[in-house]
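So for the sequence shown, my numbering puts the first residue at 768; every next one is plus one.
Report on the following structure.
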Amino acid sequence: GFFINGVPTKILGTANHQDYAVLGVAVPDHLQVHRLRKLQHFGANAWRTAHNPPTEALLAAADQLGILVWDENHRNGQDSEMEVMIKRDRNHPSIVIWSICNERLCDTLDARGDAQRLKNLAHRLDPHMGRVVSANHNPFNGRATPMDLMGFDYGPEMYDKWHAEAPTVPAISSETSSAYSDRGLVFNNPLEGHVRDYDTEHPSWGQTAEVAWQAILSRPFVAGGFTWTGWDYRGEPTPYGWPDVNSHFGILDTAGFWKHRAHWYLACWTAA
């Protein structure tokens, strides 16, 4: 598990792209506090940067608000990118995990060798904070993992197997659920690109919020997880396609209003 000042603490996180509503990626610094606070309102305590180092304003906001951060490098094997990220960000106390890559961006001609080298680079550049190195990449999990922290990319049916193969290596659900919905809607409407607002819809690789988080919260060896995603964003309009251009994965819509799933997270993630 994960401990803060000796207290066992579940990482209750969301992964997020860097864009915001109509602003695209040109997000004013002061809005980063707003984005984090909206997630805190239903119990989130962590943010995964997807899939690149974030603006420094986000890290400063996380420091201020006490949000834990998974800080993600863009691509495995790119030593210079990893070095720039760690040297820039290592003095931010909010960062608890360095990530070397995400999914296909982890694939190289020698993925495990490159991952081991980047992990060693992280420990050399950040030797005093005790931060672990991970990745959102299932081939790194299980026996002979090159990571300090195994990152489970969906696949809750594999959690126990991966843990049994590497029982001394901590683990986290680095990406989970991918449930999708649109605020306040009762029916799916493919023609208009709308998804009903219940925790019933998810892609083949994902799970409803309830199923995904039961798998995390019921296993002490899983330190927590990051729901895909906290906020809706431009692109990836699963389960639809063009002319739908907006994601439906967020717990919050692009304006920051709660979808129905947010109430489930509030009940699940906050103390009674």
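For glycine and all other residues, C-beta sits at the position ideal for the given N, C-alpha and C.
Does the beta-carbon distance from residue i to residue j come in below 8 Å?
i	j	result
residue 857	residue 893	yes
residue 864	residue 843	no
residue 943	residue 979	yes
residue 839	residue 816	yes
residue 982	residue 926	yes
residue 888	residue 849	yes
residue 769	residue 991	yes
residue 988	residue 938	yes
residue 1002	residue 1012	yes
residue 837	residue 1024	no
residue 789	residue 831	no
residue 835	residue 859	no
residue 824	residue 846	no
residue 862	residue 891	no
residue 829	residue 814	yes
residue 777	residue 958	no
Between which residues of its own chain and residue i is the CB-CB distance below 7 Å, once the five residues before and five after are set aside?
i	result
residue 1028	946, 948, 966, 976 and 1018
residue 903	866, 869, 870, 918, 920, 941 and 942
residue 798	787
residue 804	832
residue 968	946, 947, 948 and 962
residue 1035	980
residue 986	926
residue 883	913
residue 964	948, 949, 950, 951, 952, 1026 and 1027
Short of 6 Å in beta carbon distance, which residues of its chain neighbour residue i, apart from the five on each side in sequence? Order them along the chain.
i	result
residue 819	841
residue 1000	784, 786 and 1014
residue 961	949 and 952
residue 1020	950 and 999
residue 879	913
Excluding the 5 residues flanking residue i on each side, which residues of the same chain have their C-beta closer than 8 Å to its C-beta?
i	result
residue 872	818, 841, 842 and 843
residue 886	867, 900, 913, 914 and 915
residue 970	945, 947, 1005 and 1006
residue 922	905
residue 972	921 and 945
residue 936	912, 914, 915, 916 and 917
residue 775	768 and 769
Using the beta-carbon count (16 or more within 10 Å), is residue i buried or exposed?
i	result
residue 851	exposed
residue 908	buried
residue 953	exposed
residue 802	buried
residue 854	exposed
residue 781	buried
residue 956	exposed
residue 1009	exposed
residue 930	buried
residue 812	buried
residue 928	exposed
residue 821	buried
residue 877	exposed
(message) If we require 4 or more residues per run, which alpha helix (DSSP H) segments fall completely within the segment 860–924?
(response) Restricted to the segment 860–924, the alpha helix (DSSP H) segments that are unbroken, complete and at least 4 residues in length are 878–892, listed in chain order.
(message) Quick check for students: name the residue ranges of the alpha helix (DSSP H) that lie wholly in the segment 918–999, counting only runs of 4 or more.
(response) Counting whole runs of 4 or more residues, the segment 918–999 contains the alpha helix (DSSP H) stretches 926–932 and 976–984.
(message) Runs of 4 residues minimum, wholly inside the segment 781–845: which ones carry the alpha helix (DSSP H) assignment?
(response) Annotation: the segment 781–845 contains the following complete segments of the alpha helix (DSSP H) (minimum length 4 residues), in chain order: 798–807 and 823–832.
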